[in-house]
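> Going by full-length UniProt numbering, the first residue of the sequence shown is number 1, and it counts up by one from there. Below you will find the structure I want to go over with you.
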Amino acid sequence: MTDRPSPERSDAPLKPAEPARKPAARAVRAGLPLIWLVPIVALIVTLGVGWNAIASRGTLISVAFKDATGITPGETALKFREITVGKVESVRFTEDLQQVEVNMRVDKDLAPYIDKDAQFWIVRPQVSAQGISRLDTVLTGSFVEGYWDNQVDGPQTRFQGLDKPPLTSFGEKGTWIVLAAERSRGMTEGAPVLFRGLPVGRMQNLRLSETDEGVLTDVFIAAPYDELLTTNTVFWDTSGFSVSLGAQGVSLNVNSLASVLQGGAEFATLTSGGAPVENGHVFSLQPDRSAAEANLFADESRALRLTMLIDESVKGLETGADVQFMGLTVGRVTRLAARIVQDADDQDRVEQEVTLALTPERLGLSGDVTPEQALDFMAGQVRGGLRARLASAGFFGTSLQVELVELPDAEPAELDREGRPHPIIPSVPGDISDFSETAQGFLTRVGNLPIEEALKSVTDMMNSVTAIASSEDTRAIPGALRGTLEDAQAAAGEIRQVTTELRESGAVGQLRRMVDEAAAAAEAVKLAAADVPAMVDQIDAAAVKIEAVDYAAIGTEAEGILRDVRALLGTEDAEQLPRNLSETLKSASGLLNDLRDGNAAGSLNNALASASTAAQDVSDAAKRLPQLSARLEALAARADAVIAAYGDRSSFNNETINLMREMRRAANAFGSLARTIERNPQAFILGR
C-alpha cells in the first residue's frame, strides 16, 4: 500500500462548494436528441408498417348472393382455378334484405382483371340427377369460386353472384342455342345434349317463355361439335320411353337409365343443304325422333308438293303417313281429299286426291335447289318409269303409305305440271294386302291340317312307349346295367393292378429302351437307304454301258472257239478218252481200297476237324462281310471303269481276243493231257 499524502491541515473553517452554472441554450442542445429520438423513430416505423399493411391487403369487392350457406367471415376463401386468391371479411344483408352481400378481400395483383364480366358462385356439395359433385367441400368447407379472363378492362368492385356453377367457362369455344318446347319434359338443369349417343353439350337456365306459352332453355354445344348444327338440325327428347302402334308397326323406344333419371335431348341433321347457325338460334324440341322428322318435312317453305290421283279406296291412309322411295322416307302425306272428275264418257266419278310433301334433300338434291329444278328432276324420273302407288304398312298391314317405285315396263307418262292444286304424278294400282283375307287363308290352312290323324299317331306312340316301359326286359335293364358297371369296375381294378406291376418291374424303362433302339435302327436304315439311290444310279449307268458293248465280235470269236472244240472232240485221241477214263476210275477204286486199309478213316476225322476249324473261320469271315460289301462297292466302281473301256478297239476287246487264243492253246494242252492219261492212267493219280 502506498501512503497517500495527507492534505495540509488548516485551521480555517470549511465552505460548501458552489454549483456549476450553465446557460439554458446549452442545456437544451445537450438533452433534446436523447429524449425525443426514440418516439420519433417508433412513430415512423409504425406509420410505415401501417401503410404497408393497408397497401398489401388487396382490393375489397362485394358479391351479392341469394343466401350465404357455408360462408364464414375470416375463414371462407375466394378461389380462382382452385388457388386461393382472397378471403371473406364480412357478410351482411342488402338494403332490401332480399340478398346477402359478401365482402371479400382480393389479392392486389389480380384485382385489375376482375371486371364486369367476372362471375362468382358458391361451391358446396350438390346432389342431382347427374350424381354427387364436390364431395371434397364436406371436409374443407364451402368456398367462393370466381372466374374472369386475362384482359384488364376497368376493375369493378360490386357483382351479382350466380345461384349455380356455370356449365361453361370463359374462353371455351362453342355455340349457344335455345331449345323451345311446350312442356319441360326432358329439360333439367345440367341435362346432357347428345349426338349419336355422345354428350356434346348441356342445358342451362331453364325458364318460361315471355308469353308463358312454352318453356325455354339455353344449350351450349362445345366445339367442334357445334359445326354440326345447321338450319336443318332437329332436336328431340330422349328421357323415358315410349310405345307406339302406327304404320310402321309396334315401336318401343327405350333410352338409357341415365336419360330416364336426368333427362336430356339428342339432335341430328337429317338433310343436307342447311346454313350454319349463330348464337341464340332457336330450335324446337320434339317429343321423339319421328315427330322431329315430321316437323322437318312439314316445312312449308322447302317442301316439294305433288298430287297423286287414285281410284281405289284410301282406307288406312292418314295424314302424316310416310312417302318412301327405295326404302327411305322422303316425305309425308299432308292432305287427303276427294274430287269429282269426268271420264271419257262424260260421266262423273270420284277420285281420291292425295297431297305429298317431299323433301328435296332426301331425294339427293342440294339444299339450294329451286322448285323448278326439283320439278325438272321429278319429270325426268317419271319419264324413266317412276310411279306413285299405295302400299301396306304396319304390323297387321291395315295401315297404308305411299311408295315411289321405278317401273321400267310402265306405260309412258309425264309429270303434269299444270295439275291442280299441285303438279300431278302418275300413279299405278297399289300393292295392298287384305288382312282379313290373309287371316281367312291362314285359318283355312289350319283347318285343313290332319289334326285327328296327328293326334291318333301321338296316342299310338304313347301307348308303344308305355308298353316298352312296362315290359320285363325293360325293367331288367337297370340290373344288367348295374352288373355291367360292376364288371367294368373290376376290370378297371385289374388294369390298375397290372399297371402297378409293370411300373414296379421296370417294364416302362425297358419299353423306353426298346423304343430308343428301334429309333436308332430306323435311323441306321434311313442312312443306309440314303445310299441306295446312288447305287441304283451306278447300276443304271453300268447297264447302259453294257448295252453299248459289241457282242457281235464276241459271238464271232465264241463260234470260232466252238468249231475248234468240235474239231478237237472229233479227233482219235478224244474218242479214246472215255476208255482211258474208265481205266482211270478202276485204278482210283483200287486206290480207295488201299486208303481204307491204310487207316483212311482216321485221316478223314482229322479232315473233319479241319473242316470245323474252317467253318469257324468262315463264321469269322462272315463278320467281315460289311468290309467285303465295301470292297464290292469299290469293285463295282472299277467294273464301271472296265465297262467304260468296252468298244470295238478297246483294250478289253483285245484282251478278250487274246483270251480266246489262250483257250485254244488250253484245248490243245487238254488233248495232250488226255493222250498222256491214255498212255499211263496212274500218272493222273500219282502225279507223275
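All C-beta atoms, glycine included, are put in the ideal place defined by N, C-alpha and C.
State yes or no: is the C-beta of Leu-206 within less than 9 Å of the C-beta of Phe-267?
Not in contact: Leu-206 and Phe-267 (Cβ atoms no closer than 9 Å).
> Can Ala-265 and Phe-235 be called in contact, C-beta distance under 9 Å?
Yes. Within cutoff.
> Taking all protein chains shown into account, decide if Met-203 is buried (16 or more other Cβ within 10 angstroms of its Cβ) or exposed.
Buried: at least 16 other Cβ atoms inside 10 Å.
> Rounded to the nearest angstrom, how far is the Cβ of Ser-427 from that of Leu-309, given a contact under 8 Å?
About 6 Å; that satisfies the 8 Å criterion.
> List the DSSP bridge partners of Gly-146.
DSSP lists Phe-120 as partners of Gly-146.
> Report all residues from its chain with a CB closer than 6 Å to the CB of Gly-70; omit the five preceding and five following residues, and keep chain order.
Closer than 6 Å at Cβ, skipping near neighbours: Arg-124 and Ser-142.
> Can you give the Cα-Cα distance for Val-642 and Asp-516, rounded to whole angstroms?
Low per-residue confidence applies at Val-642: pLDDT is 48, beneath 50, and the placement is therefore not dependable, though the value from the model is reported in the following sentence. Using only the alpha carbons, I get a separation of about 44 Å.
> Could you compute how far the alpha carbon of Val-106 sits from the alpha carbon of Glu-227?
The alpha-carbon atoms of Val-106 and Glu-227 are separated by roughly 39 Å.
> As a quick exercise: from Leu-270, Ala-77, Arg-81 and Pro-165, pick the residue whose alpha carbon is nearest that of Arg-196.
Comparing Cα positions, the closest option is Leu-270.
> Regarding Ile-122 and the ligand PLP, is the C-beta to nearest heavy atom distance less than 8 Å?
What this structure holds is no ligand at all, so the ligand PLP is not there to describe.
> Who are the Cβ neighbours of Ala-292 in its own chain at under 6 Å, not counting the five residues just before and after it?
Within the same chain, Ala-292 has close Cβ partners Val-234, Trp-236 and Gln-286.
> Taking C-beta to C-beta, are Leu-386 and Ala-393 nearer than 9 Å?
Cβ distance not < 9 Å, so Leu-386 and Ala-393 don't count as in contact.
> To the nearest angstrom, how far is it from the Cα of Val-323 to the Cα of Gln-262?
Distance between the alpha carbons of Val-323 and Gln-262: 35 Å.
> In whole angstroms, give me the CA-to-CA distance for Ser-279 and Trp-176.
What sits at residue 279 in the sequence shown is Asn, not Ser. Rounded to whole angstroms, Asn-279 to Trp-176 spans 5 Å at the Cα level.
> With Leu-304 as the anchor, note down where its beta strand (DSSP E) starts and where it stops.
That run of the beta strand (DSSP E) goes 304-310.
> Would you kindly check if the distance between the Cβ of Gln-347 and the Cβ of Ala-337 is under 9 Å?
Cβ distance not < 9 Å, so Ala-337 and Gln-347 don't count as in contact.
> Taking just the CA atoms, how far does Tyr-225 sit from Leu-216?
Each residue's alpha carbon lies about 22 Å from the other.
> Tell me which same chain residues have a C-beta within less than 7 Å of the C-beta of Arg-389, skipping the five on either side of it?
Here the set comprises Glu-403, Val-405, Ser-427, Val-428, Pro-429, Gly-430 and Asp-431.
> By DSSP, does Glu-414 sit in helix, in strand, or in coil?
Here Glu-414 sits in coil by DSSP.
> So, Phe-65 versus Gly-161, is the Cβ gap smaller than 9 Å?
A contact, by the Cβ cut-off of 9 Å.
> What do you get for Ala-321, buried or exposed, if any count of 16 or more other CB atoms within 10 angstroms of its CB means buried?
The residue in question, Ala-321, is buried, as its Cβ has 16 or more Cβ neighbours within 10 Å.
> Report yes if the CB atom of Asp-153 is closer than 9 Å to the CB atom of Asp-115, and no otherwise.
Yes. Within cutoff.
> Quick one: give me the first and last residue of the alpha helix (DSSP H) that Lys-79 is part of.
Note, Lys-79: premise wrong, no alpha helix (DSSP H); beta strand (DSSP E) at 77-80.
> Give me the Cβ distance between Val-341 and Leu-317, rounded to the nearest whole Å; I'm assuming they're in contact under 8 Å.
That pair is no contact at about 19 Å.
> If we require 4 or more residues per run, which alpha helix (DSSP H) segments fall completely within the region 359-391?
If we require 4 residues or more, the alpha helix (DSSP H) runs fully inside the region 359-391 come out as 371-383.
> Which residue marks the beginning of the beta strand (DSSP E) containing Glu-403, and which one marks its end?
Segment 399-406, the beta strand (DSSP E) holding Glu-403.
> Which one or two residues does DSSP pair with Ala-467 in a beta bridge?
Partner(s): none; Ala-467 has no beta bridge.
> Would you give the residue range spanned by the alpha helix (DSSP H) that Val-138 belongs to?
Its alpha helix (DSSP H) spans residues 137-140.
> What are the residues that DSSP puts in a beta bridge with Phe-409?
Before going on, a small fix: residue 409 reads as Asp here, not Phe. Note: Asp-409 sits in no beta bridge, so no partner.
> Using DSSP with H/G/I as helix, E/B as strand and the rest coil, what is Val-152?
In the structure shown, Val-152 sits in coil (DSSP, three-state: anything other than H, G, I, E or B).
> Roughly how many angstroms separate the alpha carbons of Glu-189 and Val-127, rounded to a whole number?
Whole-angstrom Cα-Cα distance: 12 Å.
> Is the beta carbon of residue 690 less than 9 Å from the beta carbon of Val-144?
Since the first residue shown for the chain is 1 and the last is 688, residue 690 is missing from the structure and cannot be characterised.
> When the Cα of Asp-149 is compared with those of Ala-490, Leu-365 and Phe-120, which residue comes out closest?
The option with the nearest alpha carbon to Asp-149 is Phe-120.
> Would Phe-220 pass as a contact of Gly-174 if the rule is Cβ separation under 9 Å?
The answer is yes: Cβ separation under 9 Å.
> Do Pro-408 and Arg-417 come within 9 Å of each other at the CB atom, strictly closer than that value?
No; because the gap between Cβ atoms is not below 9 Å, this pair is not in contact.
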